[in-house]
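Participant: Just dropping this structure here.
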Amino acid sequence: MPRFLKPLILVLTAAAAAATFGVSTAHASACSSALIRDWYVDGRIDNTYPVHCYREALKDIPEDQLIYGTLRDDLTRALASVISSHHGHVTGATPVPGDDNNDGTGSGSGSASGGKHDEGFFHWLAKKIGPDTANSVPVPLLVLGGLALALIAAAAISFGARRYQARKAGPDPPPFGPDV
């Protein structure tokens with residue numbers, strides 16, 4: 006085996022382990038993370054946060070929400086509502102009330118019945134075993150990563166066992182000559 010192959014395998018294994026266990030590079034402030042986490046629970050913002058948290062959260066929206074979700078629209082709608090109710094005179098510390106503080110007519114996307122409805126068994130199961138924040142690593146990704154590492158380990162063991170048996174067996178016997 007070439008000498009460079011062992012360090013290369015170690016580096017690739019370490020990179021795969023780091024990616025599997027969620028080494029994150031996201032840098033969000035505490036209040037914007039709390040705001041986004043609050044929205045992820047039920048698609049509504051239930052607590053009161055200052056305007057600067059909304060502005061930071063608009064910068065920290067995860068890419069999947071930018072493409073597929075309504076988080077940006079909900080944050081923008083809540084900010085616009087506060088700005089219009091204060092006639093444009095807001096500071097970073099101006100509080101933005103959540104949905105619980107204003108009869109469900111605020112920044113969230115709850116239904117007319119207050120957001121309560123029967124969710125069913127699979128929705129309940131997904132809430133129990135799935136990620137509960139935007140920064141969580143999804144459980145299926147962890148399972149697939151573990152399976153990939155197990156397959157790599159099995160391949161390495163198989164390769165080592167074949168090499169061991171080949172060394173133990175010794176040289177091949179000489180070929181038989183023609184019968185005379």
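Residue 6 is where the sequence shown starts when you use the numbering used here, and the numbers rise one by one after that.
C-beta atoms are modelled at their ideal positions from N, C-alpha and C, and glycine is treated no differently.
(1) Look up V101 in the DSSP assignment and say whether it is helix, strand or coil.
(2) What residue range is occupied by the uninterrupted alpha helix (DSSP H) comprising V95?
(3) Report back the beta-carbon spacing between P102 and T53 to the nearest angstrom; my notes put them in contact at under 8 Å.
(4) If you follow the alpha helix (DSSP H) that S38 is in, where does it begin and where does it stop?
(5) Alpha carbons only, please: which of G74, G182, A23 and C58 is nearest the one belonging to G48?
(6) Among K173, I157, R172 and V87, which residue has its Cα nearest to the Cα of I14?
(7) Please list, in chain order, all residues of the same chain as G150 whose beta carbon is under 6 Å from its beta carbon, the five residues on each side excluded.
(8) Do the stretch 83 to 103 and the stretch 123 to 133 make contact, defined as three or more Cβ pairs closer than 8 Å?
(9) Considering only DSSP beta bridges, list what P55 is partnered with.
(10) Between which residues of its own chain and P179 is the CB-CB distance below 8 Å, once the five residues before and five after are set aside?
(11) So, helix, strand or coil for P179, using DSSP?
(12) Within 10 angstroms of its Cβ, does G175 collect 16 or more other Cβ (buried), or is it exposed?
(13) Please go through the same chain and pick out, in chain order, the residues whose beta-carbon is closer than 8 Å to the beta-carbon of G97, but skip the five residues on each side of it.
(14) Where does I66 fall in DSSP's three states?
Facilitator: Let me spell this out:
(1) strand
(2) From DSSP, V95 is part of no alpha helix (DSSP H); its letter is neither H nor E.
(3) 5 Å
(4) A35 to D47
(5) G74
(6) I157
(7) T25
(8) no
(9) P100
(10) none
(11) coil
(12) exposed
(13) P55, V56, H57 and R60
(14) coil
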